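*Asks:* Going left to right, the sequence shown walks through residues 4 to 348 as my numbering numbers them.
Every residue gets a Cβ at the ideal spot worked out from N, C-alpha and C, and that includes glycine.
Note that this is a predicted model, so its numbers are computed, not measured.
Take this structure first; my questions come after.
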Amino acid sequence: MEADQTKRTDIGELGEFGLIDKLAGDFAPGRPDTLTGIGDDAAVLDYGGSPVVVSTDMLVEGIHFDLMYQPLKHLGYKAVITNLSDVCAMNAVPRHITVSIAVSNRFSVEAVEELYSGIRAACDAYRVDLVGGDTTSSPRGLIISITAIGTNVREKLTYRSGAKPGDILCVTGDLGAAYLGLQILEREKQVYLANPDMQPELSQKEYLIRRQLKPEARLDSVAYFEKAGLVPTAMIDISDGLASDLMHICKASGTGAYVEEAQVPMHDEARMQAIEFNLDPITCALHGGEDYELLFAVTPADLDKVRFMDSVYIIGEITAREDGIKLHTSGGQLHPLTAQGWKHC
Ligand code: ADP
Ligand code: MG
């Protein structure tokens, strides 16, 4: 594919996913050991033995995090978690990470050590080894790129593409809290900028702030699937929001879906905070990102296995593609579910 030198298209016209699709078009896997290339939560490579699952994410200061309210230790922890979450979304167990950073001279050695203390904590909590990376300088902000590597036997790996009409749609935990935590931190930042003597008003908001600043990856759910002998038909981690990530499953699986509004789990603090911000709680649950819960589908035959799973919620069903992706509201209406609102690459 030769780039046409005379044409200039704004990246914003395509959006993140449009750009990835355009770039990926030229890189269909050619090797027999590439089981999955671009397009899922992680690539899957098989060199004989257990397949290897590989996922990379990059966090950029000013886009993905703000050091005014994100402590460096938490940032290091979260940067690892977002990658481990993608490995878990393949129903694989994370084993190794590499960490690459670009830092400006604004940062001291101690600051970088603080970042790494969070990376260390995540490695310990998830029994993952840090095995390499790269260190370079940046003209201004901090950039962190992490690659996570994991594994599971071939038959247990789950993709975005395996959902079938009639499958039961489940989520591993409550949604919207991380987004509302971010709104609180942003509000307190504005208050602080306007008047640095003001103390932040964060009491009673611990849950929401923690969901934003120190998320966890659902390795416990992957462990449960193993124990219960359950292999979801499709799975994705909710990084961009339920609506957007459900759309990825439906697109990859060639299906539709419906979600029962009343069954979408929200924490009480999140519901109350949404109302305080004059936001519709369900909108926060559907479109707020960064919860890092797993969204997955199972065949009806496996219903009992999810019924007795801890912290799992049945929120809807996979339907035929022609039925579209729909929200069945608490008021009894059926609305198309569109990926809208808040998203950054
Ligand atoms: P996630 O939100 O699960 O991290 P993304 O939406 O970032 O997934 O990426 C979707 C797919 O596109 C993944 O397979 C990812 O590896 C791939 N991808 C993203 N950016 C690029 C890129 N610049 N070049 C090649 N592949 C990419
Ligand atoms: Mg993902």
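Please state whether the Cβ-Cβ distance between L87 and Y119 is less than 8 Å.
*Replies:* Their beta carbons are not under 8 Å apart, which means L87 does not touch Y119 by this criterion.
*Asks:* Express the C-alpha separation of T154 and E117 in angstroms, rounding to a whole number.
*Replies:* Each residue's alpha carbon lies about 29 Å from the other.
*Asks:* Is A181 near the ligand MG - that is, is its Cβ less than 7 Å away from at least one heavy atom of it?
*Replies:* No, the beta carbon of A181 sits no closer than 7 Å to any heavy atom of the ligand MG.
*Asks:* If you measure between the beta carbons of D243 and G176, is that distance less than 8 Å?
*Replies:* Cβ atoms of D243 and G176: not closer than 8 Å.
*Asks:* Can you tell me whether L160 is buried or exposed, with buried defined as 16 or more other CB within 10 angstroms of its CB?
*Replies:* So L160 counts as buried.
*Asks:* Assuming C126 and V225 are in contact, meaning their beta carbons sit under 8 Å apart, how far apart are those beta carbons, in whole angstroms?
*Replies:* With 8 Å as the limit, C126 and V225 do not qualify as a contact, their Cβ atoms being about 17 Å apart.
*Asks:* Taking buried to mean at least 16 other C-beta atoms within 10 Å of its own C-beta, is V134 buried or exposed?
*Replies:* With fewer than 16 Cβ atoms within 10 Å of its Cβ, V134 is classed as exposed.
*Asks:* Identify which residue in I66, L62, P268, G40 has its Cα closest to the Cα of L172.
*Replies:* When only C-alpha atoms are compared, the closest one is P268.
*Asks:* Assign Q276 to one of two classes, buried (16 or more other C-beta atoms within 10 Å of its C-beta) or exposed (fewer than that).
*Replies:* Buried, by the Cβ-count rule.
*Asks:* By alpha-carbon positions, which one of E113, A31, M238, G334 ends up nearest to F299?
*Replies:* Ranking the options by Cα distance to F299, first place goes to M238.
*Asks:* Tell me which same chain residues have a C-beta within less than 7 Å of the C-beta of G65, skipping the five on either side of it?
*Replies:* Excluding residues within five positions, the ones whose Cβ falls inside 7 Å are G144.
*Asks:* My output table needs one value for H77: the three-state DSSP class, helix, strand or coil.
*Replies:* In this structure, H77 counts as helix in the three-state DSSP scheme.
*Asks:* From the DSSP secondary-structure annotation, give me the bridge partner or partners of L337.
*Replies:* Per DSSP, H331.
*Asks:* Hey, I100 and T150: beta-carbon distance below 8 Å or not?
*Replies:* Cβ atoms of I100 and T150: closer than 8 Å.
*Asks:* If distances are taken between C-alpha atoms only, which option among E191, F280, I212, I41 comes closest to F20?
*Replies:* F20 has its Cα closest to that of I41, out of E191, F280, I212, I41.
*Asks:* Would DSSP call E64 helix, strand or coil?
*Replies:* E64: strand per DSSP, three-state reduction.
*Asks:* Rounded to a whole number of angstroms, what is the C-alpha to C-alpha distance between W345 and Q215?
*Replies:* Only weak support exists for where W345 lies, its pLDDT of 39 falling under 50; the coordinates are left without a value.
*Asks:* Return yes when at least one heavy atom of the ligand ADP lies under 7 Å from the C-beta of G42, else no.
*Replies:* Result yes, Cβ under 7 Å from the ligand ADP.
*Asks:* When you compare only the Cα positions, how much space is there between G52 and V83?
*Replies:* Rounded to the nearest angstrom, the two C-alpha atoms are 26 Å apart.
*Asks:* Could you check the C-alpha separation between I187 and P203 for me, to the nearest Å?
*Replies:* One C-alpha to the other measures close to 10 Å.
*Asks:* Going by beta-carbon coordinates alone, are Y261 and K329 separated by less than 8 Å?
*Replies:* In contact: Y261 and K329 (Cβ atoms closer than 8 Å).
*Asks:* Would V309 be called buried (16 or more neighbouring beta carbons within 10 Å of its own) or exposed?
*Replies:* Flag for V309 reads buried.
*Asks:* Is the beta carbon of A31 within less than 7 Å of some heavy atom of the ligand ADP?
*Replies:* A31 Cβ: outside cutoff for every heavy atom of the ligand ADP.
*Asks:* In the structure shown, what three-state DSSP assignment does G121 receive?
*Replies:* Reduced to three states, the DSSP call for G121 is helix.
*Asks:* Whole angstroms is fine: what's the gap from Y195's alpha carbon to M201's?
*Replies:* Approximately 6 Å between the Cα atoms of the pair.
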